[in-house]
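In the UniProt record's numbering, the protein residues as written are 1 to 76.
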C-alpha cells in the first residue's frame, strides 16, 4: 500500500507516552499510531453499525431490497 506523509501536532504528555511506549515495545512511533488508528477505526465502524441497526429498528431508516435499488434490467 502506498504511504502518505502526515504532519500532526499532539499534546506533550501524549508525545512522551508515545516515545516511552515505542522504546519499551521496540517498535516505531509510526507503527504504534497506525495500530492505534486501526483499532479506533474498527471501534467506530462498530459504533456506526450499531447506530444504523438502532435506526432501522426504530423505523428511522428504511432498508430497501437490492433489486429495487439496482434492477437487473438496468445492468444489462
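Glycine included, every Cβ here is placed at the ideal spot set by N, Cα and C.
Length of the line joining the Cα atoms of residue i and residue j
i: residue 5; j: residue 33; result: 13 Å
i: residue 39; j: residue 49; result: 16 Å
i: residue 55; j: residue 61; result: 5 Å
i: residue 14; j: residue 20; result: 10 Å
i: residue 41; j: residue 51; result: 15 Å
i: residue 28; j: residue 57; result: 44 Å
i: residue 10; j: residue 63; result: 41 Å
i: residue 30; j: residue 47; result: 25 Å
i: residue 16; j: residue 37; result: 18 Å
i: residue 82; j: residue 59; result: Within the shown structure, residues of the chain are numbered from 1 to 76, placing residue 82 beyond reach of any answer.
Extent of the continuous alpha helix (DSSP H) to which residue i belongs
i: residue 7; result: From DSSP, residue 7 is part of no alpha helix (DSSP H); its letter is neither H nor E.
i: residue 63; result: That residue, residue 63, is in no alpha helix (DSSP H); it is neither H nor E in DSSP.
i: residue 33; result: 29 to 57
Sequence-distant residues of the same chain with beta carbon closer than 6 Å to residue i, five excluded per side
i: residue 65; result: none
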